[in-house]
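Under this note's numbering, residue 64 is the last one in the sequence shown; the count climbs by one each step, no gaps.
Even glycine gets a Cβ: it sits at the ideal position worked out from N, Cα and C.
These figures come from a predicted structure and were not determined experimentally.
What follows is one structure encoded as structure tokens, with my remarks underneath.
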Amino acid sequence: MTLNQELIRSRCQDIEESLGRLDKIKTKTRDEFLKDQDAKDIACYRLLVAMESALSLCCHISAKHLKKSP
């Protein structure tokens, strides 16, 4: 079985995009960030997207190497 290159590219792109958005947010001071509900919502969402994408990659690679769902 081969790895799904499109899935890997897509998940890596999701992670890169999320990290890019988080980089923009980290230019705020701590107090600015804590007062900005939109920034907190964006950060939360982007962290979730990055984590879900990383887990998806791990599951996909593990499933292919183990030849069963993890």
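Buried or exposed by the 16-neighbour rule on C-beta atoms within 10 Å, applied to residue i
i	result
Asp24	Going by the sequence as given, residue 24 is Arg instead of Asp. Exposed.
Arg40	buried
Arg5	buried
Three-state secondary structure assigned by DSSP to residue i
i	result
Asp8	helix
Lys22	coil
Ser63	coil
Asp35	helix
Whole-Å CB distance - residue i paired with residue j, under 8 angstroms assumed
i	j	result
Ile19	Ala48	Incorrect: roughly 19 angstroms between the Cβ atoms, too far for contact.
Ala57	Ser63	5 angstroms
Whether residue i touches residue j by CB criterion (9 angstroms)
i	j	result
Leu(-3)	Ile55	yes
For this session: Count the C-beta pairs between the region 36 to 49 and the region 3 to 12 that are closer than 8 angstroms, then say yes if the count reaches three, no if not.
Result: yes
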